[in-house]
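Protein chains in written order, with this note's numbering: chain A, 244 to 500; chain B, 476 to 731. Note that the Cβ used here is the ideal one computed from N, Cα and C, for glycine as well. Being a predicted model, the structure only gives us computed values, none of them experimental. Following: one structure in structure tokens, then a few remarks.
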Amino acid sequence: MRIFDVHTHPVFFDNGARHEDVSELVNYAKSIGIVKMVALGDVLKFGPTPDKDQINEINETTLQLMRWEPDFFVGFCYLNPTLGEKPLRKELELRLGQNFRGIKLEIANNADSPVMDPLMKAAVERAVPILQHTWRTAGKRMRKTHSDPIDTCRLAARYPEATVIMAHLYSYGVRGVIEAKHLPNVLVDTSSCLPFAGILERAVDILGDRRILYGSDHPIREFGQCVGRVTGSNIPLVSINRILFQNAAKLFELPSN
Amino acid sequence: MLIDVNASYGPWPFTPLSCETLKELDQHLAKHGISKALVSPLRAIFYDDPHSTNLELLRQSRRYSRLVPIPTLNPSLADCIENLEHYRSQYDIKAVKLYPNFHNYPLISKRCSRLLSYLEKARLPLILNFRVEDERHLYHALKLKSVSIVQTKHLAKRYAKLKLLCVGLSLDEIKSFDTSFPNIRFDLSFADWYRLIPTLLEHLRPEQLMFGSHTPLMVTEANIYKLKVSPIDKRIQQQIEGENAQKFFSLETLSG
């Protein structure tokens, strides 16, 4: 079993990302079949709306991980769309030049906000996927900055050429999957929350098994629980393998066998 | 030897689940290598009086050596202890279970205290359910808070000899009990974090942790695999997988 985890924050919080801790993490992950890991950065280190220097610091940490374990970590560039086009473009170009492979968005703004437009145009131009934090927030005040699936899917509908990874399937559940049903440029990741039964089966039923990516949200979640929720679901083995590895391998143009 | 201290069966009103019958649950647990499971009926959570579902559980579970029936009690009902005594006179009861947030009573209520005194005196373990779902993702018409940690600590001190297993707590909630409550046990179904068990063992003794799958609401394999690949000593893993539960609930010979 090979696993590609598209949603991690290998940050170790108070301890910082020390090389020995990162090596221990990588060895442990490899021992259970995780061969690649998307590192998204310590995105809340400076709160929901980091400035450009703080963004730079977060992405530097991701770069360090990529340098320590170049065959293991795939870096995503964390951005704050509310800072405007110029700093956003500058940071993105810097990181793409360092082999970052995607964009990570958290809770600086709602995904359906017009402030997203420059970022989306850049993502389409540079053909990089966007991983958007998405949570079950409809009817809640937090939705102003925490995107609901309705918001993330509206964004994806406005930019059909962009690939949008809608994070946290186990938060928004079936309602979010139905929002994404007719948007082929939306992928969902299985990260975070607890392993409640039936959600992945419904997602495969509605989206098919090629639009779902395995994610953990490490370190908030234990790898074993996150892998087990996929391998223990009532879906065919071919679908499990696609979700755990092949779909991500295809997205990042790696050999899938 | 895998002993599951947190399993249920029956319909769930908000989503279709497997394991609506004891037969289905037994087959499902066997498939996952679970030797014994402490089982309660989900219907008991929603019925105003869980007595009928308990009787059904106790009668039907006799056919399945893997399943250990755990009656659900509602201490706010006047005949709660009377019913428990009836169960005990007819069946080998290993523990009872409470869902205070669903049945809407504080743990420090007089009637609850009456039951806890009874359980303490009888040396009958209590399984205290803190939550069945993640409060952040509840069905919109079902708004419940989890059980009070403060009240649980209060009762643990007041009933120091009560055998208490708390199920459905998060990592931080379990950690908050620290070494002041060495007699409380916890299942791991809702606890989650990188290096979960090593982190918990910085605060608790290995004897205090037990495997709970929260089947059928959770994916059974998720909690099995969480324990299986945890970077802990094999001896401690065996304790958490089943030995702790076997001792705590005085469970007899295990079936395959």
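Against chain B, with Cβ distances strictly below 9 Å, would residue i count as a contact?
i: residue 274/A; result: yes
i: residue 321/A; result: no
i: residue 474/A; result: yes
i: residue 462/A; result: yes
i: residue 470/A; result: yes
i: residue 291/A; result: no
i: residue 328/A; result: no
i: residue 402/A; result: no
i: residue 416/A; result: yes
i: residue 260/A; result: no
Counting only the same chain and skipping the five closest in sequence on each side, list residues whose C-beta sits under 7 Å from that of residue i.
i: residue 260/A; result: 253, 254, 304, 307, 308
i: residue 436/B; result: With chain B running from 476 to 731 in the structure shown, residue 436/B is simply not present.
i: residue 402/A; result: 363, 367
i: residue 636/B; result: 595
i: residue 539/B; result: 497, 501
i: residue 466/A; result: 272, 275, 277, 459
i: residue 563/B; result: none
i: residue 507/B; result: 695, 696, 699
i: residue 435/A; result: 411, 413, 414, 460, 463, 464
i: residue 344/A; result: 317, 318, 319, 371, 495
Can you confirm whether residue i, when its beta carbon is compared against all beta carbons of chain A, has any partner nearer than 9 Å?
i: residue 579/B; result: no
i: residue 514/B; result: no
i: residue 490/B; result: yes
i: residue 608/B; result: yes
i: residue 706/B; result: yes
i: residue 724/B; result: no
i: residue 447/B; result: With chain B covering only 476 through 731, there is no way to say anything about residue 447/B.
i: residue 717/B; result: no
i: residue 629/B; result: no
i: residue 709/B; result: no
i: residue 650/B; result: no
i: residue 702/B; result: yes
i: residue 518/B; result: no
i: residue 561/B; result: no
i: residue 483/B; result: no
i: residue 633/B; result: no
i: residue 493/B; result: yes
My assumption, with CB atoms under 8 Å, is that residue i sits in contact with residue j. Please give the rounded CB distance.
i: residue 482/B; j: residue 690/B; result: 5 Å
i: residue 634/B; j: residue 591/B; result: 5 Å
i: residue 506/A; j: residue 442/A; result: The structure shown has nothing for residue 506/A, since chain A only spans 244 to 500.
i: residue 456/A; j: residue 480/A; result: Going by Cβ atoms, the distance from residue 456/A to residue 480/A rounds to 17 Å, so no, they are not a contact pair.
i: residue 546/B; j: residue 529/B; result: 4 Å
i: residue 485/A; j: residue 452/A; result: 5 Å
What are the residues that DSSP puts in a beta bridge with residue i?
i: residue 461/A; result: 251/A
i: residue 318/A; result: 282/A
i: residue 345/A; result: 319/A
i: residue 375/A; result: 348/A, 409/A
i: residue 641/B; result: 603/B, 661/B
i: residue 685/B; result: 662/B
i: residue 511/B; result: 478/B
i: residue 708/B; result: DSSP output for residue 708/B lists no bridge partner at all.
Please return the same chain residues whose Cβ sits closer than 6 Å to the Cβ of residue i, not counting the five positions on each side in sequence.
i: residue 731/B; result: Because the pLDDT at residue 731/B is just 43, under 50, the model does not fix this residue reliably, and the value given afterwards should be weighed accordingly. Hits under 6 Å: none found.
i: residue 293/A; result: 323
i: residue 416/A; result: 442
i: residue 395/A; result: 354, 375, 377, 409
i: residue 472/A; result: 438
i: residue 286/A; result: 321, 349
For residue i, which residues of its own chain have a beta-carbon under 8 Å away from its beta-carbon, when the five flanking residues on both sides are left out?
i: residue 536/B; result: 497, 514, 542, 543, 544
i: residue 492/B; result: 486, 691, 692
i: residue 282/A; result: 251, 252, 253, 305, 308, 309, 316, 317, 318, 319
If contact means a Cβ-Cβ distance below 7 Å, which residues of the segment 665–685 of chain B contact chain A? 665, 667, 668, 669, 671
- Message: To be precise: take each residue of the segment 688–699 of chain B, compare its Cβ to all Cβ atoms of chain A, and keep it if any distance is under 9 Å. Which residues remain?
- Response: 689, 690, 691, 692, 693, 694, 695, 696, 697, 698, 699
| said: Beta carbons nearer than 7 Å to chain A: which residues of the segment 569–598 of chain B have them? | reply: none
Taking a cut of 7 Å between CB atoms, which residues from the segment 440–459 of chain A lie near chain B?
-> 440, 441
* Mind listing which residues of the segment 366–380 of chain A have their C-beta closer than 8 Å to chain B's C-betas, in chain order? -> 379
Between the segment 526–549 of chain B and chain A, which residues of the former have a C-beta closer than 7 Å to a C-beta of the latter? none
Problem set entry | Proximal residues, the segment 472–496 of chain A versus chain D, C-beta separation under 7 Å | In summary, chain D is missing from the structure at hand, where the protein chains are A and B.
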